[in-house]
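All letters in the sequence shown, in the order written, are residues 589 to 873 by the working numbering.
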Amino acid sequence: MKNFSRYRNSICITLLVGIVISCSTLPEMIPSSDEDLSFVVVGDMQQGLGIFSQLAIHISNLEPAPSATFFLGDYMAESGLEIEWLNFWNYAEPITAKMPVFLARGNHEGNTQEDNYALRQYGKFPDGPFYRSIRIQEIVFLILDTHEEGEGNIILDDQKSWLHEQLTRVERDTTVRHLFICMHHPLFPKGFHQRGGLWNATEIDSLFQANRKVKVVFSGHDHLYNRFIKDNINYIITGGGGAYLHHGYGGDYHHFVKVSIYRQENRINIKTIDIFNEIVEDFDI
Numbered sequence: 589m590k591n592f593s594r595y596r597n598s599i600c601i602t603l604l605v606g607i608v609i610s611c612s613t614l615p616e617m618i619p620s621s622d623e624d625l626s627f628v629v630v631g632d633m634q635q636g637l638g639i640f641s642q643l644a645i646h647i648s649n650l651e652p653a654p655s656a657t658f659f660l661g662d663y664m665a666e667s668g669l670e671i672e673w674l675n676f677w678n679y680a681e682p683i684t685a686k687m688p689v690f691l692a693r694g695n696h697e698g699n700t701q702e703d704n705y706a707l708r709q710y711g712k713f714p715d716g717p718f719y720r721s722i723r724i725q726e727i728v729f730l731i732l733d734t735h736e737e738g739e740g741n742i743i744l745d746d747q748k749s750w751l752h753e754q755l756t757r758v759e760r761d762t763t764v765r766h767l768f769i770c771m772h773h774p775l776f777p778k779g780f781h782q783r784g785g786l787w788n789a790t791e792i793d794s795l796f797q798a799n800r801k802v803k804v805v806f807s808g809h810d811h812l813y814n815r816f817i818k819d820n821i822n823y824i825i826t827g828g829g830g831a832y833l834h835h836g837y838g839g840d841y842h843h844f845v846k847v848s849i850y851r852q853e854n855r856i857n858i859k860t861i862d863i864f865n866e867i868v869e870d871f872d873i
């Protein structure tokens, strides 16, 4: 793992005798970029709204502003509560003031009929299924629902058929260069939930592997950062949006992921940025 952390200026308050009694840090801004297009991915806030609020400020300060932020689920501790949604949107305001946001459903949002109502009423989910396709210029994003009504940790037949159709359409569309997948449950969990991957993970993975335009499959659920490469597809778990961390598996730090597209160089750059606004990982795919 490469570490690109920056030194930060420190402000300390001292007594006349020179004893330091308190110290705070001023993180440097992430420098502006010459990218052609960028977006942010972050997951698993739950009740860690103080941490999420700092990440939201860092996201809002990115220059140039990203085209969108994609949230990967678990915005709350308990499903169906209006106050939980109000808290999430309140702390997300620095982001929503700068860019559109798109949400995937997590298991903490629930999957009963009452939960579905709350997702539409307070979570601002559009009508129709809780999975959908988003296009931003030459990029397509498929937002999947891994916690469908009455079932958890699986992609059911209707959504699977839709996914196959979307992947086929994108593969044939010459105006689409890159395809990114956003979902809550990882196909290949690497932390606390490593024995509880998506029930039909092998089948879904085979659909992704058959499409040459799939660049990254983003997920959350494990409260950590992990990057796993399988047959040229990057599987990235980014569950460090504020929830308590899962220690002992590596990558246990709060963070968000920034993805930058450089057209002329035919390059995709990915950075993980932590709560101190420092770059922890920086790599190209």
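From the three backbone atoms N, C-alpha and C, an ideal C-beta is built for every residue, glycine too.
Computed from a predicted structure; not experimentally measured.
For residue i versus residue j, is the C-beta spacing smaller than 8 Å?
| i | j | result |
| --- | --- | --- |
| G668 | R693 | no |
| L732 | G711 | no |
| H696 | A653 | no |
| H843 | D819 | no |
| D810 | G827 | yes |
| G738 | N699 | yes |
| F676 | G829 | no |
| S655 | L625 | yes |
| D872 | K859 | no |
| V845 | V630 | yes |
| Y850 | E623 | yes |
Determine the direct distance from the alpha carbon of residue j to that of residue i, and round the result to whole angstroms.
| i | j | result |
| --- | --- | --- |
| R790 | D761 | The question names Arg, yet the displayed sequence has Thr at residue 790. Cα to Cα, the separation comes out at about 26 Å. |
| I743 | L650 | 34 Å |
| D632 | M771 | 12 Å |
| A831 | V689 | 19 Å |
| P619 | S848 | 13 Å |
| I645 | I683 | 7 Å |
| G808 | K748 | 20 Å |
| Q635 | L674 | 13 Å |
| A798 | V758 | 12 Å |
| I722 | T657 | 12 Å |
| E670 | A680 | 15 Å |
| F659 | D840 | 19 Å |
| F786 | Y663 | Contrary to the premise, residue 786 reads as Leu rather than Phe in this sequence. Those two C-alpha atoms are separated by around 20 Å. |
| V728 | V628 | 14 Å |
| N857 | F806 | 15 Å |
| G740 | Q709 | 22 Å |
| F864 | P774 | 26 Å |
| R726 | L833 | According to the sequence shown, residue 726 is Glu rather than Arg. About 35 Å. |
| E855 | Q642 | Rather than Glu, the amino acid found at residue 855 in this sequence is Arg. Cα to Cα, R855 sits roughly 29 Å from Q642. |
| L812 | N678 | 24 Å |
| I724 | G638 | 30 Å |
| L730 | F796 | 11 Å |
Counting C-beta neighbours from all protein chains within 10 Å, is the total for residue i 16 or more, i.e. buried, or is it exposed?
| i | result |
| --- | --- |
| S794 | exposed |
| N814 | buried |
| E702 | exposed |
| K590 | Since pLDDT at K590 reaches only 43, below the 50 mark, its modelled position is unreliable, and the value read off the structure follows with that caveat. Result: exposed. |
| A685 | exposed |
| H835 | exposed |
| E866 | buried |
| I817 | exposed |
| Q852 | exposed |
Based on the DSSP secondary-structure assignment, which residues constitute the bridge partners of residue i?
| i | result |
| --- | --- |
| I727 | I724, H766 |
| Y850 | R855 |
| R815 | I824 |
| S626 | S848 |
| E869 | T860 |
| T657 | V628, V689 |
| I742 | H735 |
Requested in this report: Please confirm if the region 819-830 is in contact with the region 761-779, defined as three or more CB-CB distances below 8 Å between the two stretches.
Outcome: Three or more Cβ pairs drawn from the region 819-830 and the region 761-779 lie within less than 8 Å of each other, which places the two stretches in contact.
Query - At least 3 beta-carbon pairs within less than 8 Å: the region 753-771 vs the region 788-808 - result: yes
Requested in this report: Check whether the region 750-760 touches the region 697-715, counting contact only when three or more Cβ pairs, one atom from each stretch, lie closer than 8 Å.
Outcome: no
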